[in-house]
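J.: In order, the protein sequence lines correspond to chains E and X.
Counting with the numbering used here, you get residues 35 to 440 for the letters of the first sequence.
Counting with the numbering used here, you get residues 4 to 167 for the letters of the second sequence.
Ideal Cβ placement from N, Cα and C applies to all residues, glycine included.
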Amino acid sequence: MRKKCLIFLSIVLTICLSMVGFSSSSFAKEKSVVYLSLADYTGPIAGLNVPADKGTEDYIKDINAKGGVDGVKIKFIGIDTRYDVARAVSAYKRYRRTPKLLVVNSIGTGIARAVGRLLARDKRVQLTPGDGEFQAHLGSTFIWGPAYQDAFAASMDWVMDDWKSKGKSGAPVVGYLNWDNAYGREHLRGGKQYAEKLGIKMLPPEFFPPGTLKHDVYLTRLAKAGANYIHAGGIDPTPTNVIRDAYALGLTKKIQFTTGYWGPTALGLSVHAKALEGIVNYSFFLRGEDTKMNKTVTDLWKKYRGSLDKLNGVYGMGIAWGMTYVGALKIALNSVGYEKLKGVDMYKAYQGITGFERAGIQGPCAYASDSRRGSREIKIYRVKGGKIVPITGWQKTPDAVSLHKF
Amino acid sequence: MRIFKVIMLFVIIPGLALGAISCQTLKSLTGPKATLVIAPAEVFLSPALFKKPVTFKGSGFQPKEMISVEMVLPSGLKMKGIKEGEDVGIAFATANEKGNFTAAMAPTATLNWFFQVGWTPLLRPNFKAAKPIPPGVYKINATGLDSDRVATSTLKIVPPPKKK
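(1) How big is the Cα-Cα spacing for Phe56/E and Lys109/E?
(2) What residues from the segment 115–132 of chain X come within 9 Å of chain E, judged by C-beta to C-beta, listed N to C?
(3) Hey, does Ser244/X have any beta-carbon neighbour from chain E nearer than 7 Å?
(4) Which class does Asn368/E belong to by DSSP, given the choice of helix, strand or coil?
(5) With DSSP run on the structure shown, which of helix, strand or coil describes Ala44/X?
(6) Looking at Leu39/X and Phe127/E, is the spacing between their C-beta atoms short of 7 Å?
(7) For the segment 85–102 of chain X, enumerate the residues whose C-beta is nearer than 8 Å to any C-beta of chain E, in chain order.
(8) Listed in chain order, which residues of the segment 329–343 of chain E have Cβ atoms closer than 9 Å to some Cβ of chain X?
(9) Would the beta-carbon of Val123/E fall within 7 Å of that of Ser150/X?
(10) Whole angstroms is fine: what's the gap from Ile177/E's alpha carbon to Tyr415/E's?
(11) Against chain X, which members of the segment 241–267 of chain E pass a CB distance test of less than 9 Å?
(12) Identify each residue in the segment 105–134 of chain E for which the Cβ-Cβ distance to at least one residue of chain X is less than 9 Å, and report them in chain order.
(13) Of all the options Ala366/E, His306/E, Lys374/E, which has the alpha carbon lying nearest to the alpha carbon of Ile422/E?
(14) With C-beta atoms as the reference, is Gln183/E less than 7 Å away from Gly150/E?
(15) Can you find the residues in the same chain that come closer than 7 Å, C-beta to C-beta, to Leu256/E, ignoring five residues on each side of it along the sequence?
(16) With C-beta atoms as the reference, is Ala400/E less than 7 Å away from Arg410/E?
(17) Do the CB positions of Glu64/E and Lys107/E come within less than 7 Å of each other?
(18) If contact is defined by three or more beta carbon pairs under 8 Å, each pair taking one atom from either stretch, is the segment 345–359 of chain E in contact with the segment 317–328 of chain E?
(19) Can you check which of these residues, Thr113/X, Asn144/X, Arg152/X, Gly139/X, is closest to Leu52/X by C-alpha distance?
(20) Going by DSSP in three states, Ser57/E sits in which element: helix, strand or coil?
(21) Which full runs of the beta strand (DSSP E) of 3+ residues lie inside the segment 213–245 of chain E, going along the chain?
(22) Report the residues of the segment 133–149 of chain E with a CB closer than 7 Å to any CB of chain X, ordered along the chain.
(23) Between the Cα of Pro433/E and those of Ile145/E, Met190/E, Ile387/E, Gly302/E, spot the shortest distance and give me the residue it belongs to.
(24) Once the 5 residues before and after Trp122/X are set aside, which same chain residues still bring their CB inside 7 Å of it?
(25) So, under 8 Å CB-CB, Met108/X and Ala94/X are touching, yes? Tell me the CB distance rounded to an integer number of Å.
(26) Could you tell me which of Leu363/E, Ile145/E, Trp428/E sits nearest to Ala29/E, measuring between CA atoms?
(27) For Trp197/E, which residues from the same chain have a beta carbon less than 6 Å from its beta carbon, with the 5 sequence-adjacent residues on both sides left out?
(28) Alpha carbon to alpha carbon, what distance is there between Gly302/E and Thr274/E?
(29) Would Phe318/E and Gly179/E qualify as a contact pair, given that the criterion is a beta-carbon distance under 7 Å?
(30) Arg152/X to Phe64/X, Cα distance in whole Å?
(31) For Thr162/E and Leu253/E, I'd like the C-alpha separation in whole angstroms.
(32) Using a C-beta cutoff of 7 Å, does Ser71/X count as contacting chain E?
(33) Output yes if chain X places a C-beta closer than 7 Å to the C-beta of Phe56/E; else output no.
(34) Could you work out which residues of chain E lie near Lys83/X, taking near to mean beta carbons separated by less than 8 Å?
(35) Is it the case that the Cβ atoms of Ile269/E and Leu310/E are separated by a distance below 7 Å?
(36) Can you round the beta-carbon distance between Leu48/X and Pro244/E to whole angstroms, since I take them to be within the 8 Å contact cut?
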């Protein structure tokens, strides 16, 4: 009787232990960590996010194929939020308890603000585009490059140089045209103050809803107010379409147009090359002809995507995200080892990766204990002969974030 | 007596271990009962949903916690961007000091998950590519992201009235 009882109990114990074993990652054979992308693959900014995430995914695939980081493989999880904040919150809820989830990339500022609260509580790193607020209030959210206002300020330095190089005295008049949302206003939160410090006269900004078909009203108003330069914001194809309208109005002949991080790519050029000729674009990552010259980017693209015909500069930006993750992971693994590795270790590692190089795709990493900027440099490009070519080297951006009261 | 020790060793201790593992589930069962009310509880898909969106009101959550409101998709229903077996987030909110919340579906959520529109390169919703969610009764969960408390209700989507 006692023997039977013992056999029965042994079976119960075996079942219990198996259940625990299957539900625990500590029994997993492969060491792995997770990168979660709260992305947009089929929504309004898919054209930007799809190539960027391809870059990250390909880079991670390549690292894994070479054995991972000190034997630790990286799992890339891409979630299509369709640029919807509620979906992003729900998706993070779903993956929140994923073992060794270390970093979450949030594709939009709205998503970053909502999910960031949860990530801060979970002590995980969040990456997001360029909102200066994350630099003003240091936390676990890191931005991809210089803050939007820093880059805008650097473009104002270029505007002043360009103005003087044309033999003109004083300072020019600058118009600003962007989406009517938090992103559209962000550049001016410190950027406007910087421009005015240079003596530039900033016209009252023009804001329009995303999806606007024609921009003639805004452009005409800025032109009539005497703009010498106009910054055309939004995410491509918006800047391309703004300049298309300016070209049709004959404004591109007398006004120099500038665009920011999400300005025209090869896609916009293929449709409106004539209208875009001569426009200026500033970027924290390599674009156009520069992208085609970067061996790391082209090798990876050829390996996983084939012909270079459809190579997009944004792909390189995605590679840089992957490189930063890998660089920080090395630091974190060295510091605490795989078994003890948690989100908070990656948070410390991201702050300790200052100066990290990413194959020249963007400037040296500027993350530090007092900095959430992914880099401090931008490069300025111009559309010439239907190509996006650099007209400056890497230039350090001013600190315009500190000029605004957040 | 000895058999009692054996039972302790083989059944109760593993039981406690399993219990600890599922403590997250237990956590959600403690505290006040969370409730969810959807207004209106019955809708048909029309542009009126952008002006007067579906709204969710909940209570019994932890003060100041974030709430995710999700629609449970029946098996076989395919939705753009959603993998099979996943719920889709349609609203979110933060509970007030009393643990109550109100959330409304944002236009992007209505467009993406009810109308299932496409998006044009001009960032405009493309209704030609839309695949509206079929009429039916959909389970809606509101989950507290700190307390794990879940409140459930249903939303009925009915066919639009026939034009006279």
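T.: According to the structure data:
(1) Model confidence at Phe56/E stands at a pLDDT of 49, short of 50, so the residue's coordinates are unreliable and nothing is read from them.
(2) Asn115, Trp116, Gly121, Trp122, Thr123, Pro124, Leu125, Leu126, Arg127, Pro128
(3) Any answer about residue 244/X is impossible in this case: the structure gives chain X only from 4 up to 167.
(4) helix
(5) coil
(6) Just to set this straight, residue 127/E is Lys in the shown sequence, not Phe. Not in contact: Lys127/E and Leu39/X (Cβ atoms no closer than 7 Å).
(7) Ile85, Glu89, Asp90, Val91, Gly92, Ile93, Ala94, Phe95
(8) none
(9) no
(10) 22 Å
(11) Pro244, Gly245, Thr246, Leu247
(12) Ile113, Asp114, Thr115, Arg116, Tyr117, Asp118, Val119, Ala120, Arg121, Ala122, Val123, Ser124, Ala125, Tyr126, Lys127, Arg128, Arg130, Arg131
(13) Selection Ala366/E, His306/E, Lys374/E evaluated against Ile422/E yields His306/E as nearest (Cα-Cα).
(14) In terms of Cβ geometry, Gln183/E and Gly150/E do not form a close pair [threshold 7 Å].
(15) Gly209, Leu211, Leu237, Glu240, Ile264
(16) yes
(17) Yes, these two residues count as a Cβ contact at 7 Å.
(18) Yes, the segment 317–328 of chain E touches the segment 345–359 of chain E.
(19) Thr113/X
(20) In this prediction, Ser57/E has a pLDDT of 49, which is less than 50 and means its spatial position is unreliable; what the coordinates show is noted afterwards. Helix, per DSSP.
(21) 240–242
(22) Ala148
(23) Reading off the sequence shown, one finds Asp at residue 433/E, where the question assumed Pro. Among Ile145/E, Met190/E, Ile387/E, Gly302/E, the Cα nearest to that of Asp433/E belongs to Met190/E.
(24) Pro128, Asn129
(25) Between Ala94/X and Met108/X the Cβ distance is about 5 Å, and since that is below 8 Å, they are a contact.
(26) Nothing in the structure corresponds to residue 29/E, since chain E is present only between 35 and 440.
(27) Pro206
(28) 6 Å
(29) With respect to the 7 Å criterion, Phe318/E and Gly179/E are classified as neighbours on the basis of their beta carbons.
(30) 7 Å
(31) 30 Å
(32) yes
(33) The predicted position of Phe56/E is uncertain, since its pLDDT is 49 and thus under 50; a value taken from the coordinates is nonetheless stated next. No, Phe56/E lies away from the interface with chain X (no Cβ there is under 7 Å from its Cβ).
(34) Those within 8 Å of Lys83/X in chain E are Thr76, Asp114, Arg116.
(35) No, Cβ-Cβ distance for Ile269/E and Leu310/E is not below 7 Å.
(36) Leu48/X to Pro244/E, Cβ: 23 Å. No contact.
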